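Peer 1:
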Amino acid sequence: MAYTLMANFATYRYHLSMVLVQILSAIVYFITEAAFNQGLNTFVYVSYRFILAGLLMFPVAYFIERKSRPKMTLVMFLEIFVVSLFGICLTFIMFFISMRCTSPTFVSAVYNTVSSLTFLIAILFRMEVVDVRSHRGMAKILGTLISLAGVTIITLYKGPALQNVWGTPIHMKRLSIHENWIKGSILTIASCITLSSWYIMQTFTMRKYPAELSLTAWISFIGGAQSAVFTVLVQHKPGVWSIDMLGIDFWAITYCGIIGSGLLIFIQLWCMKEKGPVFVSMFNPLQTVVVAVLAYFVFGEKLYTGSILGGVTVIIGLYLLLWGKEKDESYTKSRELPSSHSVELKVANKEEVGSAVKVEP
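Number 112 in full-length UniProt numbering belongs to position 112 of the sequence shown; there are no gaps in the numbering.
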């Protein structure tokens, strides 16, 4: 029994890790929104969060990867600088501004387009191959389209609200900041594009700098520093940098810096190195479901039938995409094994023939 459980865990460790990422990321939505409602500046939050993550990850990366870490060159540093700009500074600033203009449920729903965008970009860079004549290729295409359809349902169709008969254990104070829906929608879509590009860029960077912990530390710290420079340029009041050490803003920065940035980015890099960027992005739809459940049962937000219908549709598309991805990997492995086996047979036959020739007078 224990052996079977360990074998299953070894088989699905990447899947379970990405599910954990989505659950912990969903918590980030609400603790961040609570901090924003208490007056925490968006730019300051991004700066503190990722600088903290980088500073905490550097010592860990130094001791664990001191023998395997590649040498940092100027070219590699500049590449990491660009990766940090796309993945941290631009993506997260636009992301959290859009969340203040809309809502966590809306943003998490629209963010499901990241998996489809990443899939399309990966095809352009020939990182993904789609055989439309096979069942696995059609599953990947249909899964992408069904996921997009689910996101469209969540975004455009609300339907009647479900009545919450259990009550809400946590009441979150809300400010009237969710009013600029158009601006929030545009920023959400823009951050989806930069995040999808970031997934692809990280894959190329990982090949040149295969040290997940060190790369996580560098990306987090540089991205936080870039956000700090941007904050200084747009926020001219020194008071925005002050935070309440006992308030929700401190705990939001601490949790999101250690867990939301350091740990989660490391897990994503690890899974991306082993399974590819499309695999990592395919789990984003689960975050929408977790956010909707927490918003309804814990924080008392209204849950509409459109969100339920769209969430189920997104999950169906996700499983189709995962199935196609797994079948692709199995097919690739099955093609590689016979070729390597045939090479071994040819070598063995050559040796047998050679030895037979030597025996002859």
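Built from N, CA and C at the ideal position, the CB exists for glycine as well.
Please read these numbers as outputs of a predicted model, since none were measured by experiment.
Just the C-alpha distance for A10 and M18, rounded to the nearest angstrom, thanks.
Peer 2: For the purposes of this step, residue 10 is identified with residue 10 of the sequence shown, where counting begins at 1. For the purposes of this step, residue 18 is identified with residue 18 of the sequence shown, where counting begins at 1. Distance between the alpha carbons of A10 and M18: 14 angstroms.
Peer 1: Going straight from the alpha carbon of H15 to that of K183, what length do you get?
Peer 2: The residue given as residue 15 occupies position 15 in the sequence shown. The residue given as residue 183 occupies position 183 in the sequence shown. If you take the alpha carbons of H15 and K183, they lie about 34 angstroms apart.
Peer 1: Hey, would you say F43 sits closer than 7 angstroms to T231, going by beta carbons?
Peer 2: In the sequence shown, counting from the first residue as 1, residue 43 sits at position 43. In the sequence shown, counting from the first residue as 1, residue 231 sits at position 231. Contact: yes.
Peer 1: Quick one: grab the DSSP three-state call for A211.
Peer 2: As a position in the sequence shown, residue 211 is number 211, starting the count at 1. In this structure, A211 counts as coil in the three-state DSSP scheme.
Peer 1: Please work out which residues of its chain come closer than 6 angstroms, Cβ to Cβ, to L195, disregarding the five sequence neighbours upstream and downstream, and give them in chain order.
Peer 2: As a position in the sequence shown, residue 195 is number 195, starting the count at 1. So the list reads T91 and V114, once near-sequence residues are dropped.
Peer 1: Is Q22 closer than 7 angstroms to V290 when the C-beta atoms are compared?
Peer 2: As a position in the sequence shown, residue 290 is number 290, starting the count at 1. As a position in the sequence shown, residue 22 is number 22, starting the count at 1. Their beta carbons are under 7 angstroms apart, which means V290 touches Q22 by this criterion.
Peer 1: Can you list, in chain order, the stretches of the alpha helix (DSSP H) that have 4 or more residues and sit fully within the region 121-169?
Peer 2: Here the runs fully enclosed are 135-156.
Peer 1: If you draw a straight line from the alpha carbon of A35 to that of I267, how long is it in whole angstroms?
Peer 2: Numbered from its first residue, the sequence shown carries residue 35 at position 35. Numbered from its first residue, the sequence shown carries residue 267 at position 267. Computed Cα separation, rounded: 25 angstroms.
Peer 1: Would you identify the three-state DSSP class for L303, choosing helix, strand or coil?
Peer 2: The residue labelled residue 303 in the question sits at position 303 within the sequence shown. It is a strand residue.
Peer 1: Helix, strand or coil for residue 449? Go by DSSP, reduced to three states.
Peer 2: Coverage of the chain is limited to positions 1 through 361, which leaves residue 449 absent and any answer about it impossible.
Peer 1: For A161, collect the residues of the same chain with a Cβ closer than 6 angstroms to its Cβ; drop the 5 residues on either side in sequence, then sort them by chain order.
Peer 2: Position 161 of the sequence shown, counted from the first residue, corresponds to residue 161. Excluding positions up to five away in sequence, the list reads K302 and Y304.
Peer 1: Would you mind sorting L78 into buried or exposed? The rule is 16 or more other CB atoms within 10 Å of its CB.
Peer 2: As a working note, residue 78 is residue 78 in the sequence shown. Exposed is the call here.
Peer 1: Using only the alpha-carbon positions, how far apart do R13 and F279 sit?
Peer 2: As a first step, residue 13 must be located in the sequence shown, where it is residue number 13. As a first step, residue 279 must be located in the sequence shown, where it is residue number 279. The alpha-carbon atoms of R13 and F279 are separated by roughly 13 angstroms.
Peer 1: Round the Cβ separation of S185 and T102 to the nearest angstrom and send it over; I've been treating them as touching at under 8 angstroms.
Peer 2: Counted from its first residue, the sequence shown places residue 185 at position 185. Counted from its first residue, the sequence shown places residue 102 at position 102. S185 to T102, Cβ: 7 angstroms. Contact.
Peer 1: To the nearest angstrom, how far is it from the Cα of S176 to the Cα of I80?
Peer 2: Counted from its first residue, the sequence shown places residue 176 at position 176. Counted from its first residue, the sequence shown places residue 80 at position 80. Its pLDDT being 47, under 50, S176 is placed unreliably in this model, and the value from its coordinates should be taken loosely. If you take the alpha carbons of S176 and I80, they lie about 38 angstroms apart.
Peer 1: Going by DSSP in three states, M18 sits in which element: helix, strand or coil?
Peer 2: Residue 18 sits at position 18 when you count from the first residue of the sequence shown. Helix.
Peer 1: Inspect the beta-carbon positions of V310 and I153 and report whether they are closer than 7 angstroms.
Peer 2: In the sequence shown, residue 310 corresponds to position 310, counting from 1. In the sequence shown, residue 153 corresponds to position 153, counting from 1. Per the sequence shown, residue 310 should be read as Gly rather than Val. Yes, the Cβ-Cβ distance between G310 and I153 is below 7 angstroms.
Peer 1: If you reduce the DSSP assignment to three classes, tell me which class N284 lands in.
Peer 2: Counting from 1 along the sequence shown, the entry for residue 284 is found at position 284. N284 falls in the helix class under three-state DSSP.
Peer 1: Taking a contact to mean a Cβ-Cβ separation below 7 angstroms, would you say P277 touches T332 in this structure?
Peer 2: Translated into positions along the sequence shown, residue 277 becomes position 277. Translated into positions along the sequence shown, residue 332 becomes position 332. No, Cβ-Cβ distance for P277 and T332 is not below 7 angstroms.
Peer 1: Would you mind listing the alpha helix (DSSP H) stretches within the region 23-75 that are 4+ residues and don't spill past its ends, in chain order?
Peer 2: For the region 23-75, whole alpha helix (DSSP H) runs of length 4 or above, ordered along the chain, are 42-64.
Peer 1: What is the DSSP secondary structure of Y12, reduced to helix, strand or coil?
Peer 2: Counted from its first residue, the sequence shown places residue 12 at position 12. Note: Y12 maps to coil in three-state DSSP.
Peer 1: Return the CA-CA distance between S242 and A53, expressed in angstroms with no decimal places.
Peer 2: Position 242 of the sequence shown holds residue 242. Position 53 of the sequence shown holds residue 53. The alpha-carbon atoms of S242 and A53 are separated by roughly 19 angstroms.
Peer 1: How many Å lie between L20 and G260 at the Cα?
Peer 2: As a first step, residue 20 must be located in the sequence shown, where it is residue number 20. As a first step, residue 260 must be located in the sequence shown, where it is residue number 260. If you take the alpha carbons of L20 and G260, they lie about 11 angstroms apart.
Peer 1: Can the beta-carbon of M57 be found closer than 7 angstroms to that of G262?
Peer 2: The residue labelled residue 57 in the question sits at position 57 within the sequence shown. The residue labelled residue 262 in the question sits at position 262 within the sequence shown. Yes, these two residues count as a Cβ contact at 7 angstroms.
Peer 1: Residue range of the alpha helix (DSSP H) that L263 falls in?
Peer 2: Translated into the one-based positions of the sequence shown, residue 263 becomes position 263. Where L263 is concerned, there is no enclosing alpha helix (DSSP H), given that its DSSP letter is neither H nor E.
Peer 1: Would you kindly work out how many angstroms separate the C-alpha atoms of P70 and I141, rounded to a whole number?
Peer 2: Here residue 70 refers to the residue found at position 70 of the sequence shown. Here residue 141 refers to the residue found at position 141 of the sequence shown. C-alpha separation (whole angstroms): 38 angstroms.
Peer 1: If you drop the 5 nearest sequence neighbours on each side, which residues of the same chain put their C-beta closer than 7 angstroms to that of M76?
Peer 2: Your numbering for residue 76 matches position 76 in the sequence shown. For M76, where only same-chain residues beyond five positions count, the Cβ hits under 7 angstroms are K208 and Y209.
Peer 1: Could you check what DSSP says for S242 in three-state terms: helix, strand or coil?
Peer 2: Reading the sequence shown from its first residue, position 242 is the one you call residue 242. S242 falls in the coil class under three-state DSSP.
Peer 1: I think G159 touches G306, with their Cβ atoms under 8 angstroms apart; what is that distance to the nearest whole Å?
Peer 2: As a working mapping, residue 159 is identified with position 159 in the sequence shown. As a working mapping, residue 306 is identified with position 306 in the sequence shown. Contact holds; Cβ gap of about 4 angstroms.
Peer 1: DSSP three-state call for G311: helix, strand or coil?
Peer 2: On the sequence shown, position 311 is the one that residue 311 refers to. Here G311 sits in helix by DSSP.
Peer 1: Could you pull out every residue in the same chain whose Cβ sits closer than 6 angstroms to the Cβ of A228, ignoring the five residues on either side in sequence?
Peer 2: As a first step, residue 228 must be located in the sequence shown, where it is residue number 228. The residues are S47.
Peer 1: With a CB to CB cut of under 6 angstroms and the five nearest residues on each side skipped, what residues in its chain are close to M206?
Peer 2: Numbered from its first residue, the sequence shown carries residue 206 at position 206. Contacts found: K273.
Peer 1: Do Q287 and V108 come within 7 angstroms of each other at the CB atom, strictly closer than that value?
Peer 2: Counted from its first residue, the sequence shown places residue 108 at position 108. Counted from its first residue, the sequence shown places residue 287 at position 287. Note that residue 108 corresponds to Ser in the displayed sequence, not to Val. For S108 and Q287, yes; Cβs fall inside 7 angstroms.
Peer 1: Alpha carbon to alpha carbon, what distance is there between R100 and I335?
Peer 2: To locate residue 335, count along the sequence shown from 1; it is residue 335. To locate residue 100, count along the sequence shown from 1; it is residue 100. Inspection of the sequence shows that residue 335 is occupied by Arg rather than by Ile. Rounded to the nearest angstrom, the two C-alpha atoms are 50 angstroms apart.
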